[in-house]
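Following: one structure in structure tokens, then a few remarks.
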Ligand SMILES: [Zn+2]
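Structure follows, in structure tokens:
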């Protein structure tokens, strides 16, 4: 990793404190919208660094934003800090070992994501001040990425309206510019209500909401054959109406997660699923109400920003992993199947390389065909602001997302190196945008061109409230 940029030295100057921040957040894994301590840690760091702070953005108590600089373009660096349930895991050991039985864990690396983004924003702030340049940098501490769609609520509230460019990253096994493919999605609950009755004495008087749920599931399963192959539909029973089979279930709730290639396809598919639900209600003489819980738009790419960020990654080279890091990572690879490891390479369009525990190169621009993707709420931001995202290499190749192996590697020296590496790439990309407003204009022109004729419809309707703790 060459170190030629002034802003890279500014990242190095403060990295230790941000490694510590990441490690502290790793040690307090908090879920969707309940990230009180993690958000407070980020706010405290913003305060120490002299950012102007705004809390509770979009009515989300754990959302926090810090801004520095004056005038000029506004560059936003997006961070996250939420964890996942059931993935408590001791650090540094290559075997499943819970710290707290049934506890949470940072199985998506958001401890690094938030801290690395805040480190990048801090370096850009220091760089602006050192050079006396106009321009503003913001760090957005965004809660609830794991199914909470917080950024969608923040978009709806206008939090990004005056932002010129948004930059983010995600930890994982590889380093390079994110190929901007993700699925638009909506999560929604179907509440069926029928009429309860004695299942033996008066079955003819009952109208089963559980029957309606079963028929809806059958209907959607038949629909699968006739939807775009990139679309995905998953469901889970939230309420089967009770445990007594001798009572006709008067109520039942099924949650659906519908995913599609882009927002227009999503809107069409959601309508079809809703029709199946209505059909099930009609067949069973029950009533159904569809309540949207959350939603993410697909990622919109931005060629000028992707090329710019890639050039910075190329200059930077891969993270400076050493033999100790590789030996450590190899222990985790040994817990994975050959298929896991091969799939990890294939996701990025690369031929599997046996014996490679940590990356030794930046992957090419546009690598991977996006055939294996989920959804992210960064997608919704990318519909309102030109956005670029990179992947930072922080774990052994093959480490699956949302796994105990990912939690266990979250505080290791390799994770810190990958986080610093991502912070440098984001910071120098931001610095170049601030130094050269023509680049910002190019990014905006590409953004406008991609979305011409496709009006943005936030997948979170106006009447949906964020699923804050205590509101369910
Ligand atoms: Zn994640």
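Numbering (the working numbering), first residue to last: -4 to 467. Glycine included, C-beta positions come from ideal geometry on N, C-alpha and C.
Output needed for residue 465: all residues of its chain with C-beta closer than 7 Å, excluding positions within five of it in sequence on either side, in chain order.
Looking up residue 465 in the chain shown gives position 470. Nothing meets the Cβ criterion.
Burial state of residue -3, where buried means 16 or more other Cβ atoms lie within 10 Å
For this step, residue -3 is matched to residue 2 along the chain shown. Low local confidence applies: a pLDDT of 46 at residue -3 is under 50, so the model's placement there is unreliable, with the coordinate-based value given in what follows. Residue -3 comes out exposed.
Ignore the nearest five residues each way along the sequence and tell me which others in residue 68's own chain have a CB closer than 8 Å to its CB.
Start at 1 with the first residue of the chain shown, and residue 68 comes out as number 73. Spatial neighbours of residue 68 in its own chain (CB-CB distance under 8 Å, excluding positions within 5 residues in sequence) are listed in chain order as 130, 131, 159, 160, 428, 429, 432, 435.
If you pair each beta-carbon of the stretch 11 to 20 with each one of the stretch 104 to 120, do three or more pairs fall below 8 Å?
yes
Cα-Cα, which of 179, 198, 301, 319 is closest to residue 378?
Locating residue 378 in the chain shown gives position 383, where the first residue counts as 1. Measuring from the Cα of residue 378, the nearest candidate turns out to be 179.
Bridge partners for residue 384 per DSSP, in chain order?
Within the chain shown, the letter at position 389 stands for residue 384. BP columns for residue 384 point to 163.
Would you identify the three-state DSSP class for residue -3, choosing helix, strand or coil?
Walking along the chain shown from the start, residue -3 turns up at place 2. Note that residue -3 has pLDDT 46, beneath the 50 cutoff, so the model's placement of it is unreliable and the number below is only indicative. Three-state result, residue -3: coil.
Does DSSP put residue 60 in a helix, a strand or coil?
Working through the chain shown from its first residue, we reach residue 60 at position 65. Of the three classes helix, strand and coil, the one that applies to residue 60 here is strand, per DSSP.
How long is the line joining the alpha carbons of residue 185 and residue 408, rounded to whole angstroms?
If you number the chain shown from 1, residue 185 lands on position 190. If you number the chain shown from 1, residue 408 lands on position 413. Note on geometry: alpha-carbon atoms of residue 185 and residue 408 lie some 46 Å from one another.
Relative to ligand 1, what is the chain-ordered list of residues with a Cβ closer than 6 Å to any of its non-hydrogen atoms?
103, 105, 140, 165
At least three beta-carbon pairs within less than 8 Å, the stretch 326 to 335 to the stretch 143 to 152
no
Proximal residues to residue 63 (C-beta, below 6 Å), its chain only, five neighbours per side dropped
Counted from its first residue, the chain shown places residue 63 at position 68. The answer, listed in chain order, is 46, 120, 132.
Under 8 Å, with one C-beta from each stretch per pair, do the stretch 160 to 170 and the stretch 375 to 389 reach the 3-pair mark?
yes
Given residue 156 as reference, the closest of 393, 375, 386 once Cα atoms are compared:
Walking along the chain shown from the start, residue 156 turns up at place 161. Across the set 393, 375, 386, the C-alpha of 375 shows the shortest separation from the C-alpha of residue 156.
From this set, 452, 314, 328, 2, which residue's C-alpha is nearest residue 354's C-alpha?
For the purposes of this step, residue 354 is identified with residue 359 of the chain shown, where counting begins at 1. For residue 354, the nearest C-alpha among the options comes from 314.
Please determine if the stretch 408 to 418 and the stretch 189 to 206 are in contact, where contact requires at least 3 C-beta pairs separated by less than 8 Å.
no
I need the straight-line Cα distance from residue 337 to residue 351, nearest angstrom please.
As a working mapping, residue 337 is identified with position 342 in the chain shown. As a working mapping, residue 351 is identified with position 356 in the chain shown. Taking the straight line joining both Cα atoms gives about 11 Å.
Note down, one range per segment and in chain order, each beta strand (DSSP E) of at least 3 residues found wholly within the stretch 147 to 220.
160 to 167, 179 to 188
Taking the continuous beta strand (DSSP E) assigned at residue 34, which residues delimit it?
Numbered from 1 along the chain shown, position 39 holds the residue referred to as residue 34. Judged by DSSP secondary structure, residue 34 falls outside any beta strand (DSSP E) and instead within the alpha helix (DSSP H) spanning 31 to 43.
As a quick exercise: from 282, 222, 199, 277, pick the residue whose alpha carbon is nearest that of residue 243.
Counting from 1 along the chain shown, the entry for residue 243 is found at position 248. Comparing Cα-Cα distances from residue 243 to each of 282, 222, 199, 277, the minimum goes to 199.
Return the first residue and the last residue of the beta strand (DSSP E) that residue 229 is part of.
Start at 1 with the first residue of the chain shown, and residue 229 comes out as number 234. 227 to 234 is the extent of the beta strand (DSSP E) around residue 229.
Along the chain, where does the beta strand (DSSP E) containing residue 252 start, and where does it finish?
By 1-based counting over the chain shown, the position of residue 252 is 257. 246 to 255 is the extent of the beta strand (DSSP E) around residue 252.
Taking residue 61 as the reference, give the member of 29, 201, 48, 32 with the closest Cα.
As a first step, residue 61 must be located in the chain shown, where it is residue number 66. Checked all of 29, 201, 48, 32; the closest Cα to residue 61 is 48.
Cβ pair count under 8 Å reaching 3, the stretch 80 to 96 against the stretch 33 to 40
Under the 8 Å Cβ criterion, the stretch 80 to 96 does not count as touching the stretch 33 to 40, having fewer than three qualifying pairs.
So residue 122 and residue 5 are in contact, right, with Cβ under 8 Å, and what is the actual spacing, rounded?
If you number the chain shown from 1, residue 122 lands on position 127. If you number the chain shown from 1, residue 5 lands on position 10. Yes, they are in contact, since the Cβ atoms of residue 122 and residue 5 sit about 6 Å apart, within 8 Å.
Roughly how many angstroms separate the alpha carbons of residue 454 and residue 292, rounded to a whole number?
In the chain shown, the residue the question calls residue 454 occupies position 459. In the chain shown, the residue the question calls residue 292 occupies position 297. If I take the Cα positions, the gap works out to 6 Å.
Identified DSSP bridge partners for residue 495
Here the chain has residues from -4 to 467 only, and residue 495 is not among them.
Pick from 420, 401, 136, 232 that is closest to residue 86, judged by C-alpha positions
Here residue 86 refers to the residue found at position 91 when the chain shown is read from its first residue. Distances from the CA of residue 86 to each of 420, 401, 136, 232 were compared; the closest alpha carbon is that of 401.
Simplified DSSP state of residue 7, which is helix, strand or coil
Here residue 7 refers to the residue found at position 12 when the chain shown is read from its first residue. Secondary structure of residue 7 (DSSP, three-state): helix.
Is DSSP giving residue 13 helix, strand or coil here?
Counting from one through the chain shown, the residue named residue 13 turns up at place 18. In this structure, residue 13 counts as helix in the three-state DSSP scheme.
Bridge partners - residue 436, DSSP secondary structure assignment
Within the chain shown, numbered from 1, the residue matching residue 436 stands at position 441. DSSP lists no partner for residue 436.
Would you tell me roughly how many angstroms separate the C-alpha atoms of residue 212 and residue 360, rounded to the nearest one?
The count along the chain shown starts at 1 and reaches residue 212 at position 217. The count along the chain shown starts at 1 and reaches residue 360 at position 365. In a straight line, the C-alpha of residue 212 is about 40 Å away from that of residue 360.
Whose C-alpha, out of 202, 288, 393, is nearest the C-alpha of residue 349?
The residue given as residue 349 occupies position 354 in the chain shown. Of 202, 288, 393, the residue nearest in Cα terms is 393.
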